[in-house]
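One structure below.
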Amino acid sequence: MARMHAHTRGKSHSTRPTSKSVPTWVNISHSDIKSIVLKLYNEDGLTASQIGIILRDEYGVPLVKPILGKTITDVLKENGVKQDMPESLDRLVKKALGLQRHLRTHNSDRRNVRSLELIESKIHRLSRYYKKKDKIDKNWKYAAVIAQAQ
68 MARMHAHTRG
78 KSHSTRPTSK
88 SVPTWVNISH
98 SDIKSIVLKL
108 YNEDGLTASQ
118 IGIILRDEYG
128 VPLVKPILGK
138 TITDVLKENG
148 VKQDMPESLD
158 RLVKKALGLQ
168 RHLRTHNSDR
178 RNVRSLELIE
188 SKIHRLSRYY
198 KKKDKIDKNW
208 KYAAVIAQAQ
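The sequence shown begins at 68 in the working numbering and counts up one residue at a time.
Here you go:
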């Protein structure tokens with residue numbers, strides 16, 4: 068799939084496992100995976116995607132969903148972790164905030180003005196999707212003031 072605001076194809080990256088079944092070589096129990104997920108979230112403050120990467124690289128768990136029957140985000144929700152907004156939207160808002168901070172000191176940086184416009188369009192598009200799916204409030208709206216408050 069092509070990139071959203073570029074004329075290139077995607078980046079080279081690791082591929083997800085082709086099979087959705089539980090591999091026979093995974094020898095970590097359900098309770099161990101849940102405790103690792105909670106430990107990484109509570110002690111290290113990692114996000115769900117970062118926890119998934121650590122589980123893959125250090126513990127040899129290719130995907131959590133086939134093993135547990137639910138995602139890492141669902142495991143965190145079961146244990147009382149409440150997210151204000153989805154991780155993808157939160158990362159985009161933080162990226163926009165960093166660019167706004169950069170543009171306050173370097174106001175003639177036209178390339179990053181354009182980059183900020185592209186990021187903000189992604190935020191608006193993603194927020195419409197999450198409002199439809201009831202992941203965020205219907206009256207949530209992105210603005211530079213909201214981004215600076217977070």
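Every residue, glycine too, gets a C-beta built ideally from N, C-alpha and C.
All of these numbers come straight from a predicted model, not from anything done at the bench.
Residue Asn146 holds the alpha-carbon nearest to the alpha-carbon of Asn109 among His74, Asn146, Ile203. Shown here, Arg177 sits in a helix according to DSSP, grouped into three states.
CA-CA distance, Val104 to Lys200, rounds to 25 Å. Taking a contact to require three or more Cβ pairs closer than 8 Å, the region 130-141 and the region 157-172 do not qualify as touching.
In the structure shown, Gly119 falls within a helical segment according to DSSP collapsed to helix, strand and coil. For Pro133, the enclosing alpha helix (DSSP H) covers residues 131-135.
Of the residues Asp151, Lys189, Arg177, the one whose Cα lies closest to the Cα of Asp204 is Asp151.
In its chain, beyond the 5 residues on either side, Leu170 have a beta carbon closer than 7 Å to the beta carbon of Val180. The beta carbon of Ile186 sits closer than 7 Å to the beta carbons of Leu159, Lys162, Ala163, Leu166 from its chain, once the five residues preceding and following it are set aside; these are given in chain order.
Taking the Cβ atoms as the reference, Leu130 lies roughly 6 Å from Pro84, within the contact range of under 8 Å. Going by beta carbons, Lys87 and Pro133 fall inside the 8 Å limit. Counting only residues of its own chain and dropping the five nearest sequence neighbours on each side, Gly119 has a CB closer than 7 Å to the CB of Val131, Ile139. DSSP, reduced to helix, strand and coil, places Ser96 outside both helices and strands of the structure shown, so it counts as coil.
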